[in-house]
Amino acid sequence: MTSCAGFSSRATIDDTTDSASRFRPRSQPDWQLVWSDEFDTDGLPDPERWNYEAGFVRNQEAQFYTTSRLRNSRVEDGHLIIEAHRERFVQADYTSASLHTRFTQTWTYGRFEVRAKIPTGLGTWPAIWLLGANIRDVGWPASGEIDIMENVGWDPQRLHGTVHTNAYNHMLGTARGGSIVLARPWEQFHVYAIEWHPDRIDFFVDDRRYFTYRNDGSGNDSWPFDNPHYLIVNLAIGGSWGGMQGIDDRIFPQQFVIDYVRVYQDANVARR
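In numbering that gives the first Met the number 0, the protein residues as written are 0 to 271.
This is the structure in structure tokens:
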């Protein structure tokens, strides 16, 4: 979830222009469910599945990420709720939460599927993404990053999917990604997904494929995606992309609501 302003390669689909070729059935015979959280137990997120990022983390964002604080992250009525507040906390004026699986589960390849309802309002920046588990050793963007879904409140109907690598990233102005426009996506749940294969990564909203990133065979600089990655779900406030047009303090609190997270892997592809 690095700042994504200024892509050099983008594909865009508007949901008013339908095409049967953009749809793929979710259920395929080779996909096997290997990990999930259905958020069935109220309280703090399951520590067997999730850890927290803490404090000020990246992108000059305005929020302080809290840990084990029900006000900012909780399971309630079958949903994970990540809730951002306008409040003074430590040295910040906003609080929110970022959950990850770095210390509990990583994957190489698979279908990653999250049913979620995004927040809305100037300054919000929700994201669902994967980050290379070797980031401490090789750094970013050599680790690789796959943004399954990002949205910024100043462009509220557009959902983005992006990859970052040494060769293709926002710092060079070369990031590779696509976007899709939905009508008022904050009013209902949508399924955000990728299907990550050894030769490509396909991006979907509600099983509509809107972007594909392909392995060009040139090595790790463009394809660091043969290594384990971990999952992150977070709600940022402001920052280098989300805050480009400021933050509207009247919108708070805001919720990023997640119904489920499911990870499938192909029985015919070796798991790593």
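Backbone N, C-alpha and C fix where the C-beta goes; we use that ideal spot for every residue, glycine too.
- By the 16-neighbour rule on beta-carbons within 10 angstroms, residue 144 is buried.
- Pairwise C-beta distances place the segment 126-143 out of contact with the segment 196-208, as fewer than three of them are shorter than 8 angstroms.
- Proximity of the segment 104-112 to the segment 208-220 falls short of the contact definition, fewer than three beta-carbon pairs being nearer than 8 angstroms.
- Residue 260 is a Cβ neighbour of residue 113, given a cutoff of 8 angstroms.
- Counting the other Cβ atoms within 10 Å of the Cβ of residue 46 gives fewer than 16, which makes it exposed.
- If you look at residue 136, you'll find it in the alpha helix (DSSP H) that goes 134-137.
- Residue 80 is not a Cβ neighbour of residue 232, given a cutoff of 8 angstroms.
- Closest in C-alpha terms to residue 192, from the list 48, 57, 203, comes 203.
- If the five residues before and after residue 66 are omitted, its C-beta is found closer than 6 angstroms to the C-beta atoms of 51, 53, all from its own chain and listed in chain order.
- In chain order, 55, 61, 62, 63 place their CB closer than 8 angstroms to the CB of residue 91, counting only its own chain and leaving out the 5 sequence neighbours on each side.
- Bounds of the beta strand (DSSP E) holding residue 195 are 189-195.
- Your pair residue 230 and residue 255 does not check out as a contact, with CB atoms roughly 14 angstroms apart and the cut at 8 angstroms.
- Residue 205 has its alpha-carbon roughly 5 angstroms from the corresponding atom of residue 190.
- Under the DSSP assignment, residue 240 falls in the alpha helix (DSSP H) whose first and last residues are 238-241.
- Counting C-beta atoms within 10 angstroms of its own C-beta, residue 165 has 16 or more neighbours from the protein chains shown and is therefore classed as buried.
- Excluding the 5 residues flanking it on each side, residue 102 has same chain C-beta neighbours closer than 6 angstroms at 50, in chain order.
- The straight-line gap separating the alpha-carbon atoms of residue 96 and residue 72 is approximately 6 angstroms.
- If you compare the alpha carbons of 150, 38, 40 with that of residue 237, the shortest gap goes to 150.
- Look at residue 125 here: in three-state DSSP terms it is strand.
- DSSP, reduced to helix, strand and coil, places residue 250 within a helical segment of the structure shown.
- Taking every protein chain shown into account, the CB of residue 249 has fewer than 16 other CB atoms within 10 angstroms, so this residue is exposed.
- Setting aside the 5 residues that flank it on each side, residue 184 is surrounded in the same chain by 117, 156, 158, each with a C-beta closer than 7 angstroms to its C-beta; the list follows chain order.
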